[in-house]
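Quick note: to get the working numbering, add 66 to the position in the sequence shown (first position is 1).
Yeah, the Cβ is synthetic: ideal placement off N, Cα and C, and Gly gets one too.
Given the structure is predicted, the values throughout are model-derived calculations rather than measurements.
Notes to accompany the following structure.
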Amino acid sequence: MYNISSFHPGSVSALGPTDRSKETRKQEVTYCCLKFHTLLSMPKKKQTPTSKDRKEPSRPPLPWRLIAVVLGVLCLGLLVALSVLISIFLQASNEVAEQKKTLLKQQEIRNNHTQLQESMKNCMQQKKDLQDQYSILADALKKKEETCGHCAKSWIQHGESCYHFSKKMKTWPDSKKYCSSQGSRLLKIGDKEELGFITGLACMHWIGLSHKNISYSCKWEDGAVHSTHLFPLRPVQDGGTCALFHTGNALAYNCAEDFRCICEKPAA
Numbered sequence: 067m068y069n070i071s072s073f074h075p076g077s078v079s080a081l082g083p084t085d086r087s088k089e090t091r092k093q094e095v096t097y098c099c100l101k102f103h104t105l106l107s108m109p110k111k112k113q114t115p116t117s118k119d120r121k122e123p124s125r126p127p128l129p130w131r132l133i134a135v136v137l138g139v140l141c142l143g144l145l146v147a148l149s150v151l152i153s154i155f156l157q158a159s160n161e162v163a164e165q166k167k168t169l170l171k172q173q174e175i176r177n178n179h180t181q182l183q184e185s186m187k188n189c190m191q192q193k194k195d196l197q198d199q200y201s202i203l204a205d206a207l208k209k210k211e212e213t214c215g216h217c218a219k220s221w222i223q224h225g226e227s228c229y230h231f232s233k234k235m236k237t238w239p240d241s242k243k244y245c246s247s248q249g250s251r252l253l254k255i256g257d258k259e260e261l262g263f264i265t266g267l268a269c270m271h272w273i274g275l276s277h278k279n280i281s282y283s284c285k286w287e288d289g290a291v292h293s294t295h296l297f298p299l300r301p302v303q304d305g306g307t308c309a310l311f312h313t314g315n316a317l318a319y320n321c322a323e324d325f326r327c328i329c330e331k332p333a334a
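What follows is the structure, given as structure tokens:
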């Protein structure tokens with residue numbers, strides 16, 4: 067390498083033109099090399115980063131996928147819970163409906179049971195009434211046997227009268243004719259004692275009481291006016307003018323209806 071310390075300005079002028087140009091190039095090369103080595107030997111300064119070169123610290127990316135998964139799981143859980151609740155509600159509704167049907171059936175059974183009890187009670191009462199009537203008839207027959215000859219067969223004696231309860235059903239005019247053919251007439255109730263006797267035996271029977279018009283008074287077959295203090299004649303059918311006796315009451319029925327009758331005549 068060329069030694070720069072041996073270079074003097076005056077030495078350049080002593081050289082020729084060619085030598086001078088070569089010498090000049092050598093000096094330039096030597097200068098560039100010295101400058102390069104000087105630059106290399108100098109300590110490097112740290113470059114201050116500009117605002118553009120400064121990078122903001124990287125933030126961790128937001129866990130969107132995790133949030134999406136969590137939300138999906140929550141939605142799925144809500145759907146499952148809703149399905150379970152709907153299933154429970156439907157099951158409870160079905161159970162309530164079945165219980166309601168069962169209660170209605172039980173109520174219907176109880177109602178039927180109550181009706182059966184009422185029917186049985188009525189039947190027992192009817193049985194008792196029939197037994198009472200049978201007892202009365204038995205007593206009447208017994209009295210008849212004791213006073214043999216006073217009343218004909220199939221007639222019941224009470225006091226000084228004989229009573230016949232027909233088995234065939236006839237209209238009121240035909241019943242009147244029937245009693246007349248038996249040597250008697252349709253029943254005439256004269257007092258409370260006779261009323262009590264007939265009440266225990268009669269059940270929907272024609273008697274000898276009638277009226278021509280509702281405004282007129284009721285009369286018996288013999289023309290005697292009926293006393294309403296003994297029992298009234300109650301209108302039941304429109305146009306009913308003939309008396310039908312039933313459990314102590316006289317009912318105004320249509321004379322063309324068919325019922326049994328009670329005939330009466332004095333004991334022989």
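The C-alpha of Lys171 is placed about 10 Å away from the C-alpha of Gln165. The stretch 191 to 209 and the stretch 297 to 304 do not touch, with fewer than 3 CB-CB distances between them shorter than 8 Å. Taking C-beta atoms as the reference points, Leu252 and Glu287 count as a pair closer than 7 Å. In the structure shown, Gly249 falls within a coil segment according to DSSP collapsed to helix, strand and coil.
Only exposed fits Leu144, as fewer than 16 other CB atoms lie within 10 angstroms of its CB. Ser241 counts as buried, since no fewer than 16 other beta carbons sit within 10 angstroms of its beta carbon.
Within its own chain, the residues whose Cβ lies closer than 6 Å to the Cβ of His277, once the five positions on either side in sequence are excluded, are Cys284, Thr307, listed in chain order. Around the beta carbon of Ala290, fewer than 16 other beta carbons sit within 10 angstroms, so the residue counts as exposed. Shown here, Ser220 sits in coil according to DSSP, grouped into three states, outside any helix or strand. Annotation: Lys236 is outside any alpha helix (DSSP H) and is labelled neither H nor E by DSSP.
Beta-bridge partners of Pro301 (DSSP): Ala318. In this chain, the alpha helix (DSSP H) harbouring Lys258 covers 258 to 265. Within the stretch 124 to 186, no alpha helix (DSSP H) run of at least 4 residues lies entirely inside it.
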